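Colleague: First residue of the sequence shown: 0, per numbering that gives the first Met the number 0; consecutive thereafter.
The beta carbon of each residue, even a glycine, is placed where N, CA and C say it ideally should be.
Only a predicted model underlies this, so the values are computations on that prediction, with no experimental measurement involved.
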Amino acid sequence: MALILVTGASGQLGNEIRVLSKNYSGYEFLFTDLDELDITDESAVNDFVGQSAPDWIINCAAYNFVDKAETEEEKAFLVNSIAVRNLAGALRNTDGRLIHVSTDYVFDGAANTPYNENSGVNPLSVYARSKRAGEENALTHPYSMVIRTSWLYSSFGNNFVKTILKHAAEKEFLKVVFDQVGTPTYAADLASAIMTIAARVIRNQKAFNPGIYHYSNEGVCSWYDFAIEIVSLSGLDCRVIPIRSDEFPSKVKRPSYSVLDKSKIKENYDLEIPYWKDSLRKCINLLR
Ligand SMILES: NC(=O)c1ccc[n+]([C@@H]2O[C@H](COP(=O)([O-])OP(=O)(O)OC[C@H]3O[C@@H](n4cnc5c(N)ncnc54)[C@H](OP(=O)(O)O)[C@@H]3O)[C@@H](O)[C@H]2O)c1
């Protein structure tokens, strides 16, 4: 029976995998978060992985505070990079697979067509640099997949969807940037893609091809469009006003364009990816 270790399992993605795991009765899951396994602790990671000998590690742990990372560089690098080196190191000399999740923010946004896995990276912020360093550390293990995703939301945890719902319920209008374009990703869809990949490899239906992959929902929008759709689907009465990024107080540079080309993951693993508005509707219905 395949053993799957999920780290950072109390976050958005980890919780979605936890929900899905009920459909995978043939597999054994170990869900850990900070209390059970702090992945920044190298000897704890070596002991845990050595004793449990997982066939797969799905790393959902991360430091995701994009603004705060500018003043907490050490912490961001510890969780997003050094801890990933610990996981890769603990799997060294085993054929255990590592699935590590990264971000569209490794790109600078200067493109105007979707980024593929061969596009050059140029992270603009401390957070983005720490995630890029984590990708490199993950890929030191020969059986690693790095899945870059974007604008993640879920019914679990804190995210843009919940922030907009909260503010739209309290305010007459909201100001949201319209000059950053990308694609929202429902964490339940990403969890499903990850589990589909793992299951197809375990059943020998697909070969495990290490390397970088891109995954988001289908379609393209700005944060403004995303907010409009959230308000509209939830039936709230709140006006959404488009503003430019330079009107929004943030010291962090974010890519103005970060649409991901998902051809590689779709072709390698026969995945169908839902359109962002369809998935958003599912999440909002769950939150009602
Ligand atoms: N959120 C986004 O918009 C977004 C966009 C692109 C990519 N991603 C990537 O997608 C992945 C999943 O993100 P997510 O939104 O599901 O993350 P999340 O909700 O922030 O969950 C991360 C989890 O990791 C835990 N954690 C933090 N440090 C840890 C450590 N040292 N050891 C073990 N667990 C630790 C956190 O615990 P605490 O809460 O107690 O810190 C939290 O439960 C991450 O790699 C993230 O960088 C996210």
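Could you check which residue in Tyr256, Lys276, Thr148, Pro273 has the C-alpha nearest to that of Asp107?
Modeller: By 1-based counting over the sequence shown, the position of residue 107 is 108. Asp107 has its Cα closest to that of Tyr256, out of Tyr256, Lys276, Thr148, Pro273.
Colleague: In this structure, what does DSSP give as the bridge partners for Val5?
Modeller: The count along the sequence shown starts at 1 and reaches residue 5 at position 6. Phe30, Ile57.
Colleague: So is the beta-carbon of Gly108 under 7 angstroms away from any non-hydrogen atom of ligand 1?
Modeller: Taking the first residue of the sequence shown as position 1, residue 108 is located at position 109. Not so, every heavy atom of ligand 1 lies at least 7 angstroms from the Cβ.
Colleague: Is Tyr114 near ligand 1, going by C-beta to nearest heavy atom under 7 angstroms?
Modeller: Along the sequence shown, read from residue 1 onward, the residue named residue 114 stands at position 115. The answer is no for Tyr114.
Colleague: Checking the sheet assignment: what are the DSSP bridge partners for Ser101?
Modeller: In the sequence shown, counting from the first residue as 1, residue 101 sits at position 102. Paired residues: Arg147.
Colleague: When every heavy atom of ligand 1 is checked, does at least one fall within less than 7 angstroms of the C-beta of Ser278?
Modeller: Position 279 of the sequence shown, counted from the start, is the residue given in the question as residue 278. Ser278 Cβ: outside cutoff for every heavy atom of ligand 1.
Colleague: Can you tell me where the beta strand (DSSP E) holding Phe172 begins and where it ends?
Modeller: Translated into the one-based positions of the sequence shown, residue 172 becomes position 173. It spans 172 to 176 - the beta strand (DSSP E) in which Phe172 sits, taken as one unbroken run.
Colleague: Excluding the 5 residues preceding and the 5 following Val200 in the sequence, name in chain order all residues of the same chain whose CB lies nearer than 6 angstroms to its CB.
Modeller: Your numbering for residue 200 matches position 201 in the sequence shown. So the qualifying residues of the chain are Phe207.
Colleague: Quick check: does the Cβ of Asp236 come within less than 7 angstroms of any heavy atom belonging to ligand 1?
Modeller: For the purposes of this step, residue 236 is taken as the residue at position 237 of the sequence shown. No, ligand 1 has no heavy atom inside 7 angstroms of this Cβ.
Colleague: Cβ of Val145 within 7 angstroms of any heavy atom in ligand 1?
Modeller: Taking the first residue of the sequence shown as 1, we reach residue 145 at position 146. No, the beta carbon of Val145 sits no closer than 7 angstroms to any heavy atom of ligand 1.
Colleague: Please report how far the alpha carbon of Ser129 lies from the alpha carbon of Ala68, in whole angstroms.
Modeller: Your numbering for residue 129 matches position 130 in the sequence shown. Your numbering for residue 68 matches position 69 in the sequence shown. Using only the alpha carbons, I get a separation of about 9 angstroms.
Colleague: Indicate whether the contact test is met: 3 or more Cβ pairs, each with one atom in the segment 241 to 254 and one in the segment 155 to 170, closer than 8 angstroms.
Modeller: Taking 8 angstroms as the limit for Cβ pairs, the verdict is that the segment 155 to 170 does not touch the segment 241 to 254.
Colleague: Pull up the distance between the alpha-carbon of Val65 and that of Ser124, whole angstroms please.
Modeller: In the sequence shown, residue 65 corresponds to position 66, counting from 1. In the sequence shown, residue 124 corresponds to position 125, counting from 1. Cα to Cα, the separation comes out at about 8 angstroms.
Colleague: Check whether the Cβ atoms of Ala52 and Ile38 sit closer than 8 angstroms, and answer yes or no.
Modeller: Position 53 of the sequence shown holds residue 52. Position 39 of the sequence shown holds residue 38. For Ala52 and Ile38, no; Cβs fall outside 8 angstroms.
Colleague: Using CA coordinates, which residue listed in Gly49, Leu36, Tyr185 is at the minimum distance from Lys276?
Modeller: Position 277 of the sequence shown, counted from the first residue, corresponds to residue 276. Measuring from the Cα of Lys276, the nearest candidate turns out to be Tyr185.
Colleague: Using the DSSP secondary-structure output, state which residues sit across from Leu259 in a beta bridge.
Modeller: Walking along the sequence shown from the start, residue 259 turns up at place 260. DSSP output for Leu259 lists Tyr114 as bridge partner(s).
Colleague: Helix, strand or coil, according to DSSP, for Glu71 in the structure here?
Modeller: The residue you call residue 71 lines up with position 72 of the sequence shown. Note: Glu71 maps to coil in three-state DSSP.
Colleague: Using a threshold of 7 angstroms, is the CB atom of Cys59 nearer than that to any non-hydrogen atom of ligand 1?
Modeller: Counting from one through the sequence shown, the residue named residue 59 turns up at place 60. Yes, the beta carbon of Cys59 sits closer than 7 angstroms to at least one heavy atom of ligand 1.
Colleague: Is Cys220 helix, strand or coil by DSSP?
Modeller: For the purposes of this step, residue 220 is taken as residue 221 along the sequence shown, with counting starting at 1. Of the three classes helix, strand and coil, the one that applies to Cys220 here is strand, per DSSP.
Colleague: Suppose you measure from the CA of Ser20 to the CA of Arg96; what does that come to, to the nearest Å?
Modeller: Numbered from its first residue, the sequence shown carries residue 20 at position 21. Numbered from its first residue, the sequence shown carries residue 96 at position 97. Straight-line Cα distance between these residues: approximately 18 angstroms.
Colleague: If Gln11 and Phe155 are in contact, beta carbons under 8 angstroms, what's the gap, nearest whole angstrom?
Modeller: Translated into positions along the sequence shown, residue 11 becomes position 12. Translated into positions along the sequence shown, residue 155 becomes position 156. Between Phe155 and Gln11 the Cβ distance is about 5 angstroms, and since that is below 8 angstroms, they are a contact.
Colleague: Closer than 6 angstroms by C-beta to Pro122: which residues in its own chain qualify, once you throw out the five before and the five after it? Chain order, please.
Modeller: For the purposes of this step, residue 122 is taken as residue 123 along the sequence shown, with counting starting at 1. Around Pro122: Val105, Arg128, Arg131.
Colleague: Shorter than 8 angstroms from the beta carbon of Asn63 to some beta carbon of chain C?
Modeller: In the structure shown, chain C does not exist; there is a single protein chain.
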